[in-house]
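Numbering (my numbering), first residue to last: 945 to 1063.
Positions of the beta carbon are idealized from the N, C-alpha and C atoms, including for glycine.
To keep things clear, I will list the structure first and then write my remarks on it.
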C-alpha cells in the first residue's frame, strides 16, 4: 500500500501553501484537521499530518508520537517514514478508517494529557 493517496498528497500541499500565505500575511497559521493518520503496526508510533512544506513536499507537519510518552507537534520526512520498519519488519501504514473529529490543536491537547495520540 502506498503511504499516501494522491488526494492526500494534494490536500497536504494545499494546506501547506495556505499556511505559508497566512504566515506571510499576518504571522499566524491555520489549525487544520489532520489529513491522514499513519502508524507503525508493530510499534507504538503514530503520526497525524496536516500539511507539507510548499518548498519541499517531502517535509510534513503534524502531531508526531514515537511511543515514548511525549507526543509533539513537528515535522517529519515522508521518505523516512516510508523506510521505517518496526521490530517485526512491518512498514508504516495509513489508517484507512481514520476520520478526523477535530483540529490538530485539539488532538495535541488530548495527546499531551494522555501521553500518546488519542484518535
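Should the stretch 968-975 be called in touch with the stretch 1017-1024, which here means at least 3 C-beta pairs below 8 angstroms?
no
Own chain, CB closer than 6 angstroms to residue 1002, minus 5 neighbours either side, in chain order:
Counting from one through the chain shown, the residue named residue 1002 turns up at place 58. So the list reads 1021, 1022 and 1023, once near-sequence residues are dropped.
Compare the Cα-Cα distances from residue 976 to each of 962, 1055 and 986 and report the closest residue.
The count along the chain shown starts at 1 and reaches residue 976 at position 32. For residue 976, the nearest C-alpha among the options comes from 962.
Does DSSP put residue 981 in a helix, a strand or coil?
The residue you call residue 981 lines up with position 37 of the chain shown. Residue 981 falls in the strand class under three-state DSSP.
Residue 995 and residue 956: beta carbons closer than 8 angstroms?
The residue you call residue 995 lines up with position 51 of the chain shown. The residue you call residue 956 lines up with position 12 of the chain shown. Yes, these two residues count as a Cβ contact at 8 angstroms.
Using alpha carbons as the reference points, say which of 978, 1004 and 985 lies closest to residue 1051.
What you label residue 1051 is simply residue 107 of the chain shown in a count that begins at 1. When each option's Cα is compared against that of residue 1051, the closest is 978.
In terms of alpha-carbon separation, which member of 1025, 986, 1060 and 1061 lies closest to residue 1033?
For this step, residue 1033 is matched to residue 89 along the chain shown. Of the candidates 1025, 986, 1060 and 1061, the one whose C-alpha sits nearest the C-alpha of residue 1033 is 986.
Verify the contact flag: residue 1000, CB atom, against every heavy atom of the ligand SAH, threshold strictly below 7 angstroms.
This structure lacks the ligand SAH, and indeed carries no ligand of any kind.
In whole angstroms, give me the CA-to-CA distance for residue 980 and residue 993.
To locate residue 980, count along the chain shown from 1; it is residue 36. To locate residue 993, count along the chain shown from 1; it is residue 49. Roughly 6 angstroms separates the two Cα atoms.
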